[in-house]
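Engineer: The sequence shown begins at 1 in UniProt numbering and counts up by one. Cβ atoms here follow ideal geometry from the backbone N, Cα and C, with glycine treated the same way. So that we are looking at the same thing, I have put the structure below in structure tokens.
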Amino acid sequence: MFRDQFLDDTHNKYIGWLLSDKDAVVRKTSLEVLHRMLKKKEYFANFETFLQRFCDRIIDMACDKDDTVAATAIRLLNFLLPHNSNDKLLRPAQCESICDIALEDHHTDVRRAAGEFLTTMVTMDIDDVPSSASKRSRVQRKRNGKRACTGPFNTLLREIPPVEGAREDIRALLFAIVRKGDDGVDAALAVDAVWDYLPSLRCWQAFEELLLEDQQPDTASQDGEALSDSEKGVLCEMILASAAEASGNGDPMQARIVEKGEYSDP
């Protein structure tokens, strides 16, 4: 009712200042309030200047020392990603740094929030991919026909997409893991991070075709590049991790705790 009087730069800046409050609860609540307001289409335009000023701060909060704040910030950034035309909010290096959180040894909630962001990057169609997407992700083919799932912004597992679409989603995730390969990325961490958001990982035929695509030219990627031996090795790790998730034995972080004998049954 009074958004023209109160949702302006003069008042919005107070929300921005609270993003740097020393109290984690205040920082988290400020992000949640901001997210709720931005979800209202009629409010979004009132925050364009705000976002240009404070988006860097929100990106920094993806690495907040409080895990709940970090996860909340990443979910807000995932919401903003479709509005990132011409990289006006998130720059290429910033998008990659958020994707990398899904591939690193972070708290499970933070890693899975980053996994949703990574899934959005992986599953966007070429026409919708901001220039921040990695160069190799850009070679993805457009899907023939409508996707079986409802789009890249699912929060729950949906129907597995057609094999061709699933194959290219898996390929894009594989390239994201390989890009971080020098840092000893655990493919199981990456799969666990995106499992709830990327139903393509349940398409076993897509995995099979990727492994055998050098023997089946009709299934090769449009860029004509078959997977290298090292990439196939990572793909095999992804298959094993996906099988573990499908059987209910995911969360490699919890598995590590059990292996170290640090878990105690309540």
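According to DSSP, simplified to helix, strand and coil, what is Y197?
Structural biologist: Coil.
Engineer: In three-state DSSP terms, what is C55?
Structural biologist: Residue state, collapsed to three classes: helix.
Engineer: Hey, out of P199, K65 and Y14, whose CA is closest to R53's CA?
Structural biologist: Minimum Cα distance to R53 is reached at Y14.
Engineer: Applying the 10 Å Cβ sphere with the 16-neighbour rule, what's the burial state of E225?
Structural biologist: Classification of E225: exposed, given that the 10 Å Cβ count is below 16.
Engineer: Looking only at C-alpha atoms, which of L34, T49 and I177 sits nearest to L103?
Structural biologist: Ranking the options by Cα distance to L103, first place goes to I177.
Engineer: Taking C-beta to C-beta, are A113 and I74 nearer than 9 angstroms?
Structural biologist: Yes, the pair counts as a contact, with Cβ atoms nearer than the cut-off.
Engineer: Should S242 and V185 be called a contact, given that it needs their Cβ atoms to be closer than 9 angstroms?
Structural biologist: Not in contact: S242 and V185 (Cβ atoms no closer than 9 angstroms).
Engineer: CA-CA distance, D66 and D214?
Structural biologist: About 46 angstroms.
Engineer: On the DSSP letters alone, give me the boundaries of the alpha helix (DSSP H) that E231 sits inside.
Structural biologist: Unbroken alpha helix (DSSP H) run through E231: D229 to A246.
Engineer: Would DSSP call C203 helix, strand or coil?
Structural biologist: Coil, per DSSP.
Engineer: For C203, collect the residues of the same chain with a Cβ closer than 8 angstroms to its Cβ; drop the 5 residues on either side in sequence, then sort them by chain order.
Structural biologist: Same-chain partners within the cutoff: I160, P161, V163, A166, R167 and I170.
Engineer: Restricting to Cα atoms, I'd like to know which of L80, C236 and E245 is closest to P206.
Structural biologist: In the sequence as presented, Pro is not what sits at residue 206; that position holds Ala. When only C-alpha atoms are compared, the closest one is C236.
Engineer: Can you round the beta-carbon distance between L189 and D105 to whole angstroms, since I take them to be within the 8 angstroms contact cut?
Structural biologist: Rounded, the Cβ-Cβ distance is 7 angstroms, consistent with contact.
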